[in-house]
Structure formats: C-alpha cells, structure tokens
Amino acid sequence: MEDFKVTPWEVDGVVDYDKLIVEFGTSPLTEELIQKTAELTKSELPIFFRRRFFFSHRDYDKVLADYESGKGFFLYTGRGPSGPMHIGHIIPFFATKWLQEKFGVNLYIQVTDDEKFLFKETLGFEETKHWAYDNILDIIAVGFDPDKTFIFQNSEFTKIYEMAIPIAKKINFSMAKAVFGFNEQSKIGMIFYPAIQAAPTFFEKKRCLIPAAIDQDPYWRLQRDFAESLGYYKTAAIHSKFVPGLTSLGGKMSASKPETAVYLTDDPEEAGKKIWNFALTGGRATAKEQREKGGEPEKCVVFKWFEIFFEPDDEKLMERYRACKGGELLCGQCKRELIERVQEFLREHQERRKKAEKQVEKFKYTGELAREQWDRAIPEALKG
Numbered sequence: 028m029e030d031f032k033v034t035p036w037e038v039d040g041v042v043d044y045d046k047l048i049v050e051f052g053t054s055p056l057t058e059e060l061i062q063k064t065a066e067l068t069k070s071e072l073p074i075f076f077r078r079r080f081f082f083s084h085r086d087y088d089k090v091l092a093d094y095e096s097g098k099g100f101f102l103y104t105g106r107g108p109s110g111p112m113h114i115g116h117i118i119p120f121f122a123t124k125w126l127q128e129k130f131g132v133n134l135y136i137q138v139t140d141d142e143k144f145l146f147k148e149t150l151g152f153e154e155t156k157h158w159a160y161d162n163i164l165d166i167i168a169v170g171f172d173p174d175k176t177f178i179f180q181n182s183e184f185t186k187i188y189e190m191a192i193p194i195a196k197k198i199n200f201s202m203a204k205a206v207f208g209f210n211e212q213s214k215i216g217m218i219f220y221p222a223i224q225a226a227p228t229f230f231e232k233k234r235c236l237i238p239a240a241i242d243q244d245p246y247w248r249l250q251r252d253f254a255e256s257l258g259y260y261k262t263a264a265i266h267s268k269f270v271p272g273l274t275s276l277g278g279k280m281s282a283s284k285p286e287t288a289v290y291l292t293d294d295p296e297e298a299g300k301k302i303w304n305f306a307l308t309g310g311r312a313t314a315k316e317q318r319e320k321g322g323e324p325e326k327c328v329v330f331k332w333f334e335i336f337f338e339p340d341d342e343k344l345m346e347r348y349r350a351c352k353g354g355e356l357l358c359g360q361c362k363r364e365l366i367e368r369v370q371e372f373l374r375e376h377q378e379r380r381k382k383a384e385k386q387v388e389k390f391k392y393t394g395e396l397a398r399e400q401w402d403r404a405i406p407e408a409l410k411g
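Start counting at 1 in the sequence shown, then tack on 27, and there's your number in my numbering.
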C-alpha cells in the first residue's frame, strides 16, 4: 500500500515522485530534454528545470521537435479560485512565463470558477467569482505578455461550453469513473466537468503544452484518449512537484491550513512571523548538538523553499547545504535569511499586483489574443 496519495483534489503524505511516474504512466524529464530546452531557447535555464522541480512529462519531446521544425506550439494552464493564492500556487506560473517568453508562444489561462463551485460544498458561485478576480491580479503580476495571453473565466467565456459539448460526447461515464473515481453520489456537474477542462487544448491546431502540478494530470489523460479522433494533437504536459507547506515536507501547501501557507497578499511582517513560528527545520535538539552532528537539510522545509524558489544561485545553495550538514549554519540564521527573501518577494509582487488592476481588461477582453478568442468561430471539428 502506498504511503502517499495524489489526486486532483487531495495530496497527502511524502510523495515518491519516481513511484508516481510509474503509477501515472508518465515519462521522466531527462537531462537530454533539459539540455535540448537550453539549446532551443539559447538561454540559461531557470531553477525550475535545473533543479528538476519539473520532473515528469507527456510528449514534451514532441513539443520541442514541433518548435524546432517551425510548427510551433501553445501553452495552457489554469487556476481554480477558491481562496487567496499562496506561494505554492504561483511558482508554476513563473515557469510558464519563462516558457512563453523564451519560445514566443500564446498562453491560455483558464480560471475555473465553475469547477470550484461544483466541487467545494462550502463555496457559493458569487464567492468563486470574487476569488477569480482576486487570483487574476496575482497571475497578471507574474508578468505575462498581455497580447499573447488570454485569461478567461469559465462563467464568462461561454464559448468554452460550446467547445465542451462535442468533447463530452467522446467521454463515457466508465472512462471518467476510472480516472476520477466518480460514483452514484457524484454531482452531474462534476462528471461533465472534465470536458470543460479539456476544451482549451483545442484552441489552436498546434500541440498544446500544459505546465502544471502532477496532481492535475488525470484531466489530460482523458484528452489524450480522443483528441486525434477530432483531428487535433494529444496534449503534452510537463509536471511539477509540490511546494511543501511550512509545517511538513508531506503533501503540499494548503490554502485551507493558514499555518502551512504564505499567501501572496500576506503582510510581509506577518509572513515573517509565520515562517519563524511554523517552518519545519532539519535542526537538532540543541545548538550544541547541531554544531557537533550537523543539521539535516533533507528534512528541512526552509532549505526546500530555498531550493525551489528563493535561492537562484546553485553554488550558494550548495554552500548552504554544506554549512548546514557541517554544523556551521544554525536554523535561526537560515530562517532569518529565508524570511528576508520571502518578504522581499512579497513586497515586489504586491507592487506589481496593484498595477495589475489596470491590466485586467486587456488580458481578459482587449489584448490581441483575447480579442481573437472572443471573436473566433467554434472550430468545425468541435461542432459535432
């Protein structure tokens, strides 16, 4: 029996990513693919690739081949708005921004206010719409190209439902049940929803690449079963690991457990207190013991946050690792340094977030890609 669980709605336990690749039937993101990415973009790779935060894929090799041959590709990712976004939510968007910038491709961001209403018993529809706007500000603050990015809410962009209807005709209940575990008690809106989530993969007659955490992969497995029968490519994906919450290396940061998360709208001083009070370290019982035996960065959330996002310099990260293992670096100092980095990030992000208020209309309605999508006809292949 596995000691961890990964579904689109729940992540629990310390995830064995090698086992997850086998369980989900994906492929490891190899050194060859990483180097090919560097070669095609002619740039230094970001830490998300260098340190294997993205670790698994479906057909990423074909995406790179399409780009090299001149066919191109497009990006699609999303956000389910059920509350404020935290650091764990936003990191994959920075990786997506890098991909858009370096490959010069279009990006579609689906904000699933309908999904969150259907799947979360305690959320009202107006509440999910409120959080949609709030989350969109954080997404825009990442710095995407407003003319190559279309951010859309499912409740507003009703063409998504027109596109989902012929997709839904390709998915029977037994397929959805096998992938998602639906049963007789599942709401009919939940059962239909995978068709809506698959629809943006058909926005262009090119291969779609989805950068997302691996818990969302089941949605794309279904799309890959029927995409070619509609005359489109099977979607490709690159899968990220999870950002651990402050209190444990198990599971992922959870918005429903405030002590585990640093929200993007947190006051920087309060965020610092949260890290100081709750962040799990790999330290020994006393400073004396740590100096003698050394710390255990492998068990430390603070070190993991540096590794994932807050220490871009590889050599400095290894210096931190060695100093911890050698007992030279104590947990209090490491926490203070992480707090400084997180506070600096929050201040800069919140400044960009304020400016994002003036950009919402362009990303959703008036930018080049947004206008194209609002004006476009439904593709013939998706008319049923």
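C-beta: ideal position from N, C-alpha, C; glycine also.
State the start and end residues of the unbroken beta strand (DSSP E) segment that holds residue i.
i    : result
P245 : That residue, P245, is in no beta strand (DSSP E); its alpha helix (DSSP H) goes 244-253.
I237 : 234-240
Y348 : Run containing Y348: none in the beta strand (DSSP E); it sits in the alpha helix (DSSP H), 341-352.
Q180 : 176-180
Y135 : 134-138
L273 : No beta strand (DSSP E) contains L273, which DSSP labels as neither H nor E.
Y290 : Looking at the DSSP string, Y290 is not in any beta strand (DSSP E), and its letter there is neither H nor E.
S256 : Here S256 belongs to no beta strand (DSSP E), and DSSP marks it neither H nor E.
S283 : S283 -> no beta strand (DSSP E), and no H or E assigned at all.
Y103 : 100-106
S70  : Unbroken run through S70: none, as it is neither H nor E.
F330 : Per DSSP, F330 belongs to no beta strand (DSSP E); it is in the alpha helix (DSSP H), 328-332.
S83  : 81-85
What first and last residue would you give for the alpha helix (DSSP H) that runs through residue i?
i    : result
I163 : 152-167
Q224 : 215-225
G310 : Neither: G310 is in no alpha helix (DSSP H) and is coded neither H nor E.
H116 : 114-130
G299 : 295-305
Y44  : 44-51
R374 : 358-383
R77  : 74-77
L396 : 395-402
F200 : 200-207
I192 : 186-195
Smallest Cα separation from residue i: which of the options?
i    : options                : result
L273 : F207, V90, H113        : H113
F171 : K362, K89, F253, G131  : G131
Q224 : Y135, E297, V49, S281  : Y135
C361 : L164, L344, L373       : L344
R311 : K352, A205, L164, I166 : K352
Y246 : E189, M217, I178, F330 : M217
T57  : A314, D88, D340        : D88
D93  : G115, H116, F75, K63   : K63
A191 : K204, A254, A205       : A254
F152 : I405, P108, V169, I163 : P108
H376 : D293, Q386, E364       : D293
F184 : V206, F209, F230       : F230
I117 : G208, V169, F101       : V169
E128 : L67, T308, E342        : L67
T53  : V289, L291, S267, K301 : S267
M280 : L307, G99, F209        : L307
Y259 : Q137, R403, A226, L365 : A226
L257 : G278, A263, K232       : K232
For residue i, does the count of other Cβ atoms within 10 angstroms reach 16, so buried, or fall short, so exposed?
i    : result
L47  : buried
T228 : buried
P35  : buried
E338 : buried
N162 : buried
I215 : exposed
N304 : exposed
S83  : buried
K382 : exposed
T149 : exposed
M28  : Confidence at M28 is low in this model, with a pLDDT of 36, below 50, so its placement is unreliable and the value that follows should be read with caution. With fewer than 16 other Cβ atoms within 10 Å, it is exposed.
Q212 : exposed
T313 : exposed
E37  : exposed
R363 : exposed
Just to check my reading of the structure: residue i and residue j have Cβ atoms closer than 8 Å, yes? What is that Cβ distance to the nearest angstrom?
i    : j    : result
K156 : S182 : 6 Å
A122 : P73  : 7 Å
F177 : Q317 : No, F177 and Q317 are not in contact; Cβ-Cβ is about 51 Å, not under 8 Å.
M202 : L145 : Not quite, the Cβ-Cβ distance comes to about 19 Å (not below 8 Å), so this is no contact.
I265 : L236 : 7 Å
A240 : P324 : No, A240 and P324 are not in contact; Cβ-Cβ is about 23 Å, not under 8 Å.
F200 : K391 : The pair is not a contact, with the Cβ atoms about 34 Å apart (cut-off 8 Å).
D174 : G394 : 5 Å
G321 : C358 : Incorrect: roughly 12 Å between the Cβ atoms, too far for contact.
L102 : L126 : 6 Å
Below 8 Å, how does it come out for the region 318-337 and the region 269-284: are there three or more Cβ pairs, yes or no? yes
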